[in-house]
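**Q**
Numbering (this note's numbering), first residue to last: 5 to 459.
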């Protein structure tokens, strides 16, 4: 008995830690930052790590997460504040919603999310596009989440199902799948998933009175005061929003090019840090106010831009610490090994393993990459065609998208940006990502049956 306990100690510690975290945040209503750090330490010690190793793991997880996220959040807040205070977002929101009702706007945001997150990380695209959601919702007096949830769902689908995001590319490389099949099946399965988990789910929640109002504080919610400056043209506003996204896309594409000055330049300007810096500089250059009243409003907006980012950064970092504890203790690996022992086929095994790893450690990309390596022996022993390898890649991506919850930094980012409580985030965002997973996997299974029938 003692040997079994020692073997599965990390797994039991992880399960107890996740349960304790949900209880502290949802029932006790403890501050999320404190609860995450407390449970991280408890889980590490309970799994058998020494105190020094436990604190080292927490520090590594916190620092590793914030090294990227903190910079992006800060630059994204500045970028959004300039666009918002200048009136550019109001102008663009007016153009987008001039002839479109709420129903059409939901589909527009879902499609925009898919396109935006394909070349960039989920967090980057959400931070860049969130101010547009606030401006559109304010102009039409729509609930922020009526547009925000379809956008976030679209971002999640683009991030997981379609190259050149790192997750599907890594899976394809590990299992030997052709990216052409991955893109084709990823688009088909992703379209079905985003339709259900984005606009359809949002419409259902709103009609049944279950869509939270939210209280976003990431950027100012009121329109800028009137001034003598002419409002920015919608085309200019759209171009400025797309500028950092295009730069990041070019940086991604440059990785497949040969060595040379062009690759060097694109790699330099295409990193999210430099792309957002260039975006901030361009918005300041083109949207700098000329009147004294507008300049005063802009100055106040920039001062307020960083006030709400502290909470986002701290909670996101603590979520990274908890994720690192779960990874370092080996709980995720134990879950994967248990599922492999059951004897699932490649498609089902890939999905189940990705789900377990996602639930255990939070990161969709980590779940995808780890699962890709684990199912390689299963694929090697099965009669799998090239199209089926593409479907397996999509199934793994679907599994890794499921149930974004308290150990996922994206969970806290969505909640903080849209002003949701943890419970509201679970009832909306966690539900949406679960639907993305189930619908994506269902579509992959159906396509696999078709392939088997025509072989």
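Virtual Cβ for every residue (Gly too), placed ideally from N, Cα, C. Since we're looking at a predicted model, the values are computed, not measured.
What runs of the alpha helix (DSSP H), each 4 residues or longer, lie entirely inside the stretch 54-141?
**A** 55-89, 92-100 and 106-121
**Q** Within 10 Å of its beta-carbon, does residue 133 have 16 or more other beta-carbons around it, so buried, or fewer, so exposed?
**A** On the chain shown, position 129 is the one that residue 133 refers to. Counting Cβ neighbours within 10 Å, residue 133 comes out buried, since at least 16 surround it.
**Q** Rounded to whole angstroms, what is the Cα-Cα separation between residue 15 and residue 357?
**A** Locating residue 15 in the chain shown gives position 11, where the first residue counts as 1. Locating residue 357 in the chain shown gives position 353, where the first residue counts as 1. Near 15 Å, if we compare the C-alpha coordinates of residue 357 and residue 15.
**Q** Would you report the Cα separation of residue 329 and residue 25, rounded to the nearest angstrom?
**A** Your numbering for residue 329 matches position 325 in the chain shown. Your numbering for residue 25 matches position 21 in the chain shown. Straight-line Cα distance between these residues: approximately 13 Å.
**Q** Hey, how far is the Cα of residue 68 from the Cα of residue 325?
**A** Here residue 68 refers to the residue found at position 64 when the chain shown is read from its first residue. Here residue 325 refers to the residue found at position 321 when the chain shown is read from its first residue. The C-alpha of residue 68 lies about 9 Å from the C-alpha of residue 325.
**Q** What's the gap between the Cα of residue 22 and the Cα of residue 299?
**A** Within the chain shown, residue 22 is the residue found at index 18, counting from 1. Within the chain shown, residue 299 is the residue found at index 295, counting from 1. Each residue's Cα considered, the two are about 48 Å apart.
**Q** Could you pull out every residue in the same chain whose Cβ sits closer than 6 Å to the Cβ of residue 129, ignoring the five residues on either side in sequence?
**A** What you label residue 129 is simply residue 125 of the chain shown in a count that begins at 1. Cβ neighbours of residue 129 beyond the five flanking positions: 120, 121 and 159.
**Q** How long is the line joining the alpha carbons of residue 257 and residue 59, rounded to whole angstroms?
**A** Residue 257 sits at position 253 when you count from the first residue of the chain shown. Residue 59 sits at position 55 when you count from the first residue of the chain shown. Approximately 39 Å between the Cα atoms of the pair.
**Q** Between residue 400 and residue 375, how many whole angstroms is the CB-CB distance? I'm expecting something under 8 Å.
**A** If you number the chain shown from 1, residue 400 lands on position 396. If you number the chain shown from 1, residue 375 lands on position 371. Cβ-Cβ separation between residue 400 and residue 375: approximately 5 Å, consistent with a contact (criterion under 8 Å).
**Q** Apart from the five residues just before and just after residue 146, which ones in its own chain have a Cβ nearer than 6 Å to its Cβ?
**A** If you number the chain shown from 1, residue 146 lands on position 142. Answer for residue 146: 106, listed in chain order.
**Q** Assuming residue 393 and residue 181 are in contact, meaning their beta carbons sit under 8 Å apart, how far apart are those beta carbons, in whole angstroms?
**A** Taking the first residue of the chain shown as position 1, residue 393 is located at position 389. Taking the first residue of the chain shown as position 1, residue 181 is located at position 177. 4 Å between Cβ atoms; contact.
**Q** For residue 271, collect the residues of the same chain with a Cβ closer than 7 Å to its Cβ; drop the 5 residues on either side in sequence, then sort them by chain order.
**A** Stepping through the chain shown from its first residue, residue 271 is reached at position 267. Around residue 271: 255 and 258.
**Q** For residue 50, count neighbouring Cβ atoms within 10 angstroms of its own Cβ and tell me buried if that reaches 16, exposed if not.
**A** The residue given as residue 50 occupies position 46 in the chain shown. That one is buried.
**Q** Which first and last residues belong to the alpha helix (DSSP H) in which residue 430 is found?
**A** As a position in the chain shown, residue 430 is number 426, starting the count at 1. Taken as a continuous stretch (DSSP letters only), residue 430 belongs to no alpha helix (DSSP H), as it is neither H nor E.
**Q** Could you give the DSSP three-state label for residue 225: helix, strand or coil?
**A** In the chain shown, residue 225 corresponds to position 221, counting from 1. Confidence is the limiting factor: at residue 225 the pLDDT is only 40, short of 50, which leaves the residue's position unreliable, though a coordinate-based value still follows. The answer is coil: DSSP assigns residue 225 none of H, G, I, E or B.
**Q** Closest to residue 114 by CA distance: which of 384, 46 and 152 is it?
**A** Here residue 114 refers to the residue found at position 110 when the chain shown is read from its first residue. Nearest C-alpha to residue 114: 152.
**Q** Between the alpha carbons of residue 246 and residue 237, how many angstroms are there, rounded?
**A** Taking the chain shown and counting its residues from 1, one reaches residue 246 at position 242. Taking the chain shown and counting its residues from 1, one reaches residue 237 at position 233. If you draw a straight line from the Cα of residue 246 to the Cα of residue 237, it is about 14 Å long.
**Q** In three-state DSSP terms, what is residue 356?
**A** Along the chain shown, one-based indexing puts residue 356 at 352. Three-state result, residue 356: helix.
**Q** Work out the CA separation of residue 108 and residue 252 for me, nearest whole Å.
**A** Counted from its first residue, the chain shown places residue 252 at position 248. Counted from its first residue, the chain shown places residue 108 at position 104. Distance between the alpha carbons of residue 252 and residue 108 is about 28 Å.
**Q** What are the complete alpha helix (DSSP H) segments, minimum 4 residues, inside the stretch 396-421?
**A** Assignment of alpha helix (DSSP H) within the stretch 396-421, counting only whole runs of 4 or more residues, yields 413-421 in chain order.
**Q** Residue 405 to residue 164, Cα distance in whole Å?
**A** Position 401 of the chain shown, counted from the start, is the residue given in the question as residue 405. Position 160 of the chain shown, counted from the start, is the residue given in the question as residue 164. Cα-Cα distance, rounded: 7 Å.
**Q** Going along the chain, which residues of its own chain have a beta-carbon closer than 6 Å to the beta-carbon of residue 44, five neighbours each way excluded?
**A** Numbered from 1 along the chain shown, position 40 holds the residue referred to as residue 44. Correct list, in chain order: 62, 325, 326 and 329.
**Q** Would you mind reading off the limits of the alpha helix (DSSP H) that contains residue 161?
**A** To locate residue 161, count along the chain shown from 1; it is residue 157. Per DSSP, residue 161 belongs to the alpha helix (DSSP H) from 148-165.
**Q** Would you mind reading off the limits of the alpha helix (DSSP H) that contains residue 184?
**A** Locating residue 184 in the chain shown gives position 180, counting from the first residue. Element bounds for residue 184: 183-199.
**Q** Consult DSSP for residue 12 and reduce its assignment to one of helix, strand or coil.
**A** Position 8 of the chain shown holds residue 12. Residue 12 falls in the coil class under three-state DSSP.
**Q** Going by DSSP in three states, residue 216 sits in which element: helix, strand or coil?
**A** For the purposes of this step, residue 216 is identified with residue 212 of the chain shown, where counting begins at 1. In this structure, residue 216 counts as coil in the three-state DSSP scheme.
**Q** Classify residue 458: buried if its beta carbon has 16 or more other beta carbons within 10 angstroms, exposed otherwise.
**A** The sequence position of residue 458 within the chain shown is 454, counting from 1. It counts as exposed.
**Q** Just the C-alpha distance for residue 419 and residue 116, rounded to the nearest angstrom, thanks.
**A** Locating residue 419 in the chain shown gives position 415, where the first residue counts as 1. Locating residue 116 in the chain shown gives position 112, where the first residue counts as 1. Whole-angstrom Cα-Cα distance: 20 Å.
**Q** Take the Cβ of residue 422 as the centre, count every other Cβ of all protein chains shown within 10 Å, and call the residue buried at 16 or more, exposed below.
**A** Along the chain shown, read from residue 1 onward, the residue named residue 422 stands at position 418. Counting Cβ neighbours within 10 Å, residue 422 comes out buried, since at least 16 surround it.
**Q** Quick check on the DSSP output: the alpha helix (DSSP H) that includes residue 333 runs from which residue to which?
**A** In the chain shown, residue 333 corresponds to position 329, counting from 1. Residue 333 -> no alpha helix (DSSP H), and no H or E assigned at all.
**Q** Measure the CB-CB distance between residue 349 and residue 193 and report whether it falls below 8 Å.
**A** Numbered from its first residue, the chain shown carries residue 349 at position 345. Numbered from its first residue, the chain shown carries residue 193 at position 189. Contact flag unset, no.
**Q** Would you mind reading off the limits of the alpha helix (DSSP H) that contains residue 31?
**A** Taking the first residue of the chain shown as 1, we reach residue 31 at position 27. Element bounds for residue 31: n/a, residue is neither H nor E.
**Q** Suppose you measure from the CA of residue 136 to the CA of residue 95; what does that come to, to the nearest Å?
**A** One-based indexing of the chain shown puts residue 136 at position 132. One-based indexing of the chain shown puts residue 95 at position 91. Rounded to the nearest whole angstrom, the CA to CA distance from residue 136 to residue 95 is 10 Å.
**Q** Hey, could you find the ends of the alpha helix (DSSP H) residue 203 is sitting in?
**A** Looking up residue 203 in the chain shown gives position 199. No alpha helix (DSSP H) holds residue 203; DSSP gives it neither H nor E.
**Q** With distances taken between CB atoms, is the gap from residue 248 to residue 209 smaller than 8 Å?
**A** Indexing the chain shown from 1 puts residue 248 at position 244. Indexing the chain shown from 1 puts residue 209 at position 205. Going by C-beta atoms, residue 248 is not nearer than 8 Å to residue 209.
**Q** Going by DSSP, what residue range makes up the alpha helix (DSSP H) through residue 285?
**A** Within the chain shown, residue 285 is the residue found at index 281, counting from 1. Here the alpha helix (DSSP H) through residue 285 covers 276-291.
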